[in-house]
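Chemist:
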Amino acid sequence: MYLREHWYVAALSAELETRPLSRQILGEYVALFRNESGQVVAFADQCPHRGYPLSLGKVVGDQLICGYHGFTFDCSGTCVAVPGQDRVPSKADVRSYPVVEQGLWVWIWMGHGAPDMESLPETPWLVDTEHWSAVSGVAKIDAPFHLLVDNLLDLSHETYLHNGSIGTPEVATTPFEVEVDNEPGVVRVFRHMNAVECPPFYSRTTGLSGQVDRWQDIDYTPPGYYLLHARIANVGEPPLPDGTDDHGFHMKIFYGLTPSTETSVYDFWALSRDFCVGESEIDQFLEKMQIAVVQEDVDALNILQRRAASNPEMTEVSVKIDRGGLAARRMLASMEEAALAI
Amino acid sequence: MYLREHWYVAALSAELETRPLSRQILGEYVALFRNESGQVVAFADQCPHRGYPLSLGKVVGDQLICGYHGFTFDCSGTCVAVPGQDRVPSKADVRSYPVVEQGLWVWIWMGHGAPDMESLPETPWLVDTEHWSAVSGVAKIDAPFHLLVDNLLDLSHETYLHNGSIGTPEVATTPFEVEVDNEPGVVRVFRHMNAVECPPFYSRTTGLSGQVDRWQDIDYTPPGYYLLHARIANVGEPPLPDGTDDHGFHMKIFYGLTPSTETSVYDFWALSRDFCVGESEIDQFLEKMQIAVVQEDVDALNILQRRAASNPEMTEVSVKIDRGGLAARRMLASMEEAALAI
Amino acid sequence: MYLREHWYVAALSAELETRPLSRQILGEYVALFRNESGQVVAFADQCPHRGYPLSLGKVVGDQLICGYHGFTFDCSGTCVAVPGQDRVPSKADVRSYPVVEQGLWVWIWMGHGAPDMESLPETPWLVDTEHWSAVSGVAKIDAPFHLLVDNLLDLSHETYLHNGSIGTPEVATTPFEVEVDNEPGVVRVFRHMNAVECPPFYSRTTGLSGQVDRWQDIDYTPPGYYLLHARIANVGEPPLPDGTDDHGFHMKIFYGLTPSTETSVYDFWALSRDFCVGESEIDQFLEKMQIAVVQEDVDALNILQRRAASNPEMTEVSVKIDRGGLAARRMLASMEEAALAI
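Residue numbers (this note's numbering), protein chains in the order written: chain A, 1 to 342; chain B, 343 to 684; chain C, 685 to 1026.
Here it is, written out as structure tokens:
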């Protein structure tokens, strides 16, 4: 089942132009585009006439014209013209989804109720380009949403799957804390690795070398929003008691987990840093590294899903490293129960 | 369900040679070939022995030899030899389908009863090469037959889907007449566009430019035969009262709609004209244009079907432009009802 | 259903190295590899932790480390290390399959009971490199096991499907004997073709030309082991009464028929000869010819299966050439009955 009454990342801001983009989100086909003023619009990707994808239509001004028979819609989804007749039938309107563009990402409200603006994640690090530099991307995974949750909540896999980029032996061996905040629902995982090897991902960008303190603090807000606060610093130089931390290097690692179908998920990501701000070479290095890391996850989850699909009775053995993932599963299960109860 | 007791186009005449062609028609695999005298033969594409496709066999003289174990059939489908023994089992014959080669097209009778020769469409424009020049082709569409019927009966889509070749604004906006002739079953759609833009398809071939009178008169004989009478002429020069029309340019646009499976259809086409007869450059131009037009339909129907398959509850909103298509749907529905009642 | 309590060929010896190979055998995914001492190991290809394929793991010494989260197994399948904790859960062991490496082939025991060493086929011709030279290979066929049994038990198809390499007219026309030995289960087919054309496969390797005596004696031990004793000699020079046969050329043609899934099968093969021993040019010639022959079978069975899948009511007409295949089907059916009765 899908958790509908939530915000999900629908697209990278950079992906959207007047030529529409088709995306399947929570099982529904959505046509995303900008009108000629640059405003982002999201329609059900299906012309009410004969079902042709509106994403194959053409934007003219602030209207979208279907590419098969020319039914024409304004940005609210109201049908404003039909070929061969003057009267426009009232049933010819198309569903329009609430969307919010916020820095590098565009969010969509997939709920049937009114959008809950309170629950829209705030991502200042993707908006404030003066103090933060960010890169972003998206991959599609042919595996269900929950396998991506498992993956992101258990970072011990970095040591094995992402060895050579972000994985070092200590990620798997360092004890971590899990904290569950039910109101509002957040799962937090704190892994503070002190005096450990600095992986290439950070050594090449911070200039630090040898041993460092490396902290990974996850805030996962189910279902679709994951934020990893990464901190790299010289050994033994924690933040000051007042919270200031000028001697640490900070990176915010975002994931937007957006179910596409029951067995596929969009893996939106963004990296924002408070160091080397504005340096495009660093942007390019991090983007290239992260694309490779994400592809390793994509490959792993794709094959995991192919195997699971051919063996529905596959069992699991859980150990300590799974505590974060299990907490997330429990929170998602309660949210599903609550959604069913409505 | 399939309407079996009808003639369908099975192949282009030019496609058939002694090397057999396999085609799935109304869900049945058919092996089509010429024997060494040039006669067209159609067999069930399945050896009675172990089911190997006879289309992978070899024609020797007027016999076909199966490519797996050598069962041998004459042109009526009678098994005449079996390896390793002299006696030929009586159950080893293969079904042979009635076929008729008529100009550029080969028709097949898929019925279980005797072929109804009366109902075989007459296509003199594909046979009389002295007065008419014709080109033909075929595409396979991964969408059900009825989506192709909808497409061909509502030509207003030319304006949007085939813009730049045959589509002009007036195709979508000009009112048209629909006529239903139940005995024999024909749906006719008359669209007479007077003083309208001449699209590239006709301007380059007729030499007319600027405004023209452009008529499109459809005769659709369900299930499988569609003939569009196109007429292009200078503005205000209709046919004479006695029916003669020396000052008009005429093109017959044929479609053979042949269901392959429940979700795929062959889109046979032919264009025959009474101008520039014998000019191969015009043949090539029209063939190239038509292949592009058909590909636009193929692409549109393929995606329409993929979407419909993932959303079985897709609804429709019908408007005036759909009258021809709706009349065809009704006629097909009665034919299906009648077929079921037998 | 699968016949599990049997030995099957799992891999060519040459395929196995420390980098694991994944193979689906009798529906089960199996990871096959050598540890660093060269010993062959076969595991269920699924980490007990989260199901990740162990074939994507890494061999270090005599251990395999899972590529996702680092669960580590010794060669018996016992889990010896888990990341992030000292205690190893007892449920974390992985199933290890008995395997035997014997010359060019590696056999696996897929049964739930203890491996029956008595029933392991003896293949001295793949081991004794002093007197025999052998080549081997494997192809995967997208068709069920029983179609490959039919194919191999009825060699009359050589005349039609493998014309130009091993097929000559006489294979299809020569009468043959079928013998069924129920204890232990073996189906034998004897086809002695005397004074017949020598096909290219043998003429280029034996140096014989013109007419020869060509014998094909099949021993099929269901389900998975097939051995064809081929003998080529000058016309009228049979083996001596005491069984010696120095004037004949002998080739052993092996097939390992290993079901992969209900609708796919591995076609392992090996050719071993007692002539031109050690001549690598002859190895290469035979390997190339056999790969082409096997590909003809693969193509034929693939299409046969696609057709059968789309027509579950396909019927058959059996004739004399099918006696070997029918005997094999009967023996397999009794073995399945017996297996179900346990």
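Virtual Cβ for every residue (Gly too), placed ideally from N, Cα, C.
May I ask you to list the residues that DSSP assigns as paired with Asn302/A?
Modeler: Taking the first residue of the first sequence as 1, we reach residue 302/A at position 302. DSSP output for Asn302/A lists no bridge partner at all.
Chemist: Taking only the alpha-carbon atoms, compute the straight-line gap between Leu345/B and Glu472/B and give it to the nearest angstrom.
Modeler: Locating residue 345/B in the second sequence gives position 3, counting from the first residue. Locating residue 472/B in the second sequence gives position 130, counting from the first residue. Distance between the alpha carbons of Leu345/B and Glu472/B: 35 Å.
Chemist: Report the three-state DSSP secondary structure of Met1/A (helix, strand or coil).
Modeler: On the first sequence, residue 1/A is found 1 positions in, with the first residue counted as 1. It is coil, neither helix nor strand.
Chemist: Suppose contacts are defined by Cβ-Cβ distances below 8 Å. Is Gly350/A in contact with Tyr52/A by that definition?
Modeler: Look at the range of chain A in this structure, 1 to 342, and you will see that residue 350/A is not part of it.
Chemist: Since Pro884/C is in the alpha helix (DSSP H), which residue starts that stretch and which ends it?
Modeler: The residue labelled residue 884/C in the question sits at position 200 within the third sequence. Looking at the DSSP string, the run of the alpha helix (DSSP H) that includes Pro884/C is 884-890.
Chemist: Closer than 7 Å, Cβ to any Cβ of chain A: which residues of the segment 649-666 of chain B, in chain order?
Modeler: Correct list: Arg649, Ala650, Met656, Glu658, Val659, Val661, Lys662, Ile663.
Chemist: At the level of alpha carbons, what is the spacing between Val528/B and Met452/B?
Modeler: Numbered from 1 along the second sequence, position 186 holds the residue referred to as residue 528/B. Numbered from 1 along the second sequence, position 110 holds the residue referred to as residue 452/B. Going from the Cα of Val528/B to the Cα of Met452/B covers about 20 Å.
Chemist: Is there a C-beta anywhere in chain B that falls below 8 Å from the one on Leu69/A?
Modeler: Reading the first sequence from its first residue, position 69 is the one you call residue 69/A. Inspection of the sequence shows that residue 69/A is occupied by His rather than by Leu. Answer yes: the Cβ-Cβ gap between His69/A and chain B drops below 8 Å somewhere.
Chemist: My output table needs one value for His499/B: the three-state DSSP class, helix, strand or coil.
Modeler: Sequence index remark: in the second sequence, residue 499/B carries index 157 (1-based). Helix at His499/B.
Chemist: Note down, in chain order, all residues in the segment 24-41 of chain A with a beta-carbon under 7 Å from any beta-carbon belonging to chain B.
Modeler: Cβ contacts with chain B come from Tyr29.
Chemist: Could you list the residues in the segment 686-710 of chain C with a C-beta less than 7 Å from some C-beta on chain A, going in chain order?
Modeler: So the list is empty, because no residue satisfies the distance condition.
Chemist: Identify, in the order they occur along the chain, each residue of the same chain with its Cβ nearer than 6 Å to the Cβ of Ser478/B, setting aside the five sequence neighbours on each side.
Modeler: For the purposes of this step, residue 478/B is identified with residue 136 of the second sequence, where counting begins at 1. So the list reads Leu354, Leu446, Ala612, once near-sequence residues are dropped.
Chemist: Label Lys936/C either buried or exposed according to how many other C-beta atoms from any shown protein chain fall within 10 Å of its C-beta, with 16 as the threshold for buried.
Modeler: For the purposes of this step, residue 936/C is taken as residue 252 along the third sequence, with counting starting at 1. Buried, since its Cβ has 16 or more Cβ neighbours within 10 Å.
Chemist: Nearest chain B C-beta to Val82/A closer than 8 Å, yes or no?
Modeler: Your numbering for residue 82/A matches position 82 in the first sequence. Chain B, which has a Cβ nearer than 8 Å to the Cβ of Val82/A, makes this yes.
Chemist: Who are the near neighbours of Cys198/A in its chain, counting only those whose CB is closer than 6 Å to its CB and skipping five residues on each side?
Modeler: On the first sequence, residue 198/A is found 198 positions in, with the first residue counted as 1. Counting only Cβ-Cβ distances below 6 Å, and skipping sequence neighbours, we find Leu208, Val212.
Chemist: What in chain D is Cβ-close to Leu503/B, meaning under 7 Å?
Modeler: No chain D appears in the structure shown, which is made up of the protein chains A, B and C.
Chemist: When you compare only the Cα positions, how much space is there between Pro654/B and Gln647/B?
Modeler: As a first step, residue 654/B is located in the second sequence; it is residue number 312 there, counting from the start. As a first step, residue 647/B is located in the second sequence; it is residue number 305 there, counting from the start. About 10 Å.
Chemist: Counting contacts by CB-CB distance shorter than 8 Å, is Ala1022/C in contact with chain A?
Modeler: Within the third sequence, residue 1022/C is the residue found at index 338, counting from 1. Judged by the 8 Å Cβ criterion, Ala1022/C is not in contact with chain A.
Chemist: With 8 Å as the threshold, decide whether the Cβ of Ile987/C is near any Cβ in chain B.
Modeler: In the third sequence, the residue the question calls residue 987/C occupies position 303. Yes - at least one Cβ of chain B is within 8 Å of the one on Ile987/C.
Chemist: Where does Pro124/A sit, in a helix, a strand or coil, going by DSSP?
Modeler: In the first sequence, the residue the question calls residue 124/A occupies position 124. It is helical.
Chemist: Lys58/A bridges to which residues according to DSSP?
Modeler: Residue numbering aside, residue 58/A sits at position 58 when the first sequence is read from its first letter. DSSP, once it has assigned bridges, lists Ile65/A as partnering Lys58/A.
Chemist: State the Cα-Cα distance for the pair Gln730/C and Thr315/A, rounded to the nearest angstrom.
Modeler: The residue you call residue 730/C lines up with position 46 of the third sequence. The residue you call residue 315/A lines up with position 315 of the first sequence. Roughly 10 Å between the two C-alpha positions.
Chemist: Taking 8 Å as the threshold (C-beta atoms), are Gln558/B and Leu490/B in contact?
Modeler: On the second sequence, residue 490/B is found 148 positions in, with the first residue counted as 1. On the second sequence, residue 558/B is found 216 positions in, with the first residue counted as 1. In this structure, Gln558/B does not lie closer than 8 Å to Leu490/B by Cβ.
Chemist: As a quick exercise: from Pro124/A, Val265/A, Asn182/A, pick the residue whose alpha carbon is nearest that of Ser334/A.
Modeler: Here residue 334/A is taken as the residue at index 334 of the first sequence, counted from 1. Of the listed residues, the one whose Cα sits closest to Ser334/A is Asn182/A.
Chemist: In terms of residue numbering, what span does the beta strand (DSSP E) encompassing Arg530/B cover?
Modeler: The residue given as residue 530/B occupies position 188 in the second sequence. Segment 527-539, the beta strand (DSSP E) holding Arg530/B.
Chemist: Kindly list the residues whose CB is nearer than 7 Å to the CB of Pro581/B, restricted to its own chain and excluding five residues on each side of it in sequence; keep chain order.
Modeler: By 1-based counting over the second sequence, the position of residue 581/B is 239. Answer for Pro581/B: Asp587, Gly590, listed in chain order.
Chemist: Is the beta carbon of Ala634/B sitting closer than 8 Å to the one on Ser461/B?
Modeler: As a first step, residue 634/B must be located in the second sequence, where it is residue number 292. As a first step, residue 461/B must be located in the second sequence, where it is residue number 119. Going by C-beta atoms, Ala634/B is not nearer than 8 Å to Ser461/B.
Chemist: What are the boundary residues of the beta strand (DSSP E) that includes Ser264/A?
Modeler: As a first step, residue 264/A must be located in the first sequence, where it is residue number 264. That run of the beta strand (DSSP E) goes 264-273.
Chemist: Apart from the five residues just before and just after Leu363/B, which ones in its own chain have a Cβ nearer than 8 Å to its Cβ?
Modeler: Within the second sequence, the letter at position 21 stands for residue 363/B. For Leu363/B, where only same-chain residues beyond five positions count, the Cβ hits under 8 Å are Ala353, Glu357, Ala373, Leu374, Phe375, Ser397.
Chemist: Using a Cβ-Cβ cut-off of 8 Å, state whether His49/A counts as contacting chain B.
Modeler: Along the first sequence, read from residue 1 onward, the residue named residue 49/A stands at position 49. Answer yes: the Cβ-Cβ gap between His49/A and chain B drops below 8 Å somewhere.
Chemist: To the nearest angstrom, how far is it from the Cα of His690/C to the Cα of Leu911/C?
Modeler: Against the third sequence, residue 690/C aligns to sequence position 6. Against the third sequence, residue 911/C aligns to sequence position 227. Cα to Cα, His690/C sits roughly 17 Å from Leu911/C.
Chemist: As a quick exercise: from Ala984/C, Tyr909/C, Val919/C, His934/C, pick the residue whose alpha carbon is nearest that of Gly894/C.
Modeler: Here residue 894/C corresponds to residue number 210 of the third sequence, with the count starting at 1. Of the candidates Ala984/C, Tyr909/C, Val919/C, His934/C, the one whose C-alpha sits nearest the C-alpha of Gly894/C is Val919/C.
Chemist: Using a beta-carbon distance cut-off of less than 8 Å, what residues from the segment 892-910 of chain C approach chain A?
Modeler: Flagged: no residues at all.
Chemist: State buried or exposed for Gly278/A, treating a residue as buried only when at least 16 other CB atoms are found within 10 Å of its CB.
Modeler: As a working note, residue 278/A is residue 278 in the first sequence. Its Cβ having fewer than 16 others within 10 Å, Gly278/A is exposed.
Chemist: What is the DSSP secondary structure of Phe829/C, reduced to helix, strand or coil?
Modeler: Here residue 829/C is taken as the residue at index 145 of the third sequence, counted from 1. Correct three-state label for Phe829/C: helix.
Chemist: Do you know how far the Cα of Gln284/A is from the Cα of Tyr202/A?
Modeler: As a position in the first sequence, residue 202/A is number 202, starting the count at 1. As a position in the first sequence, residue 284/A is number 284, starting the count at 1. Going by the C-alpha atoms only, they are around 14 Å apart.
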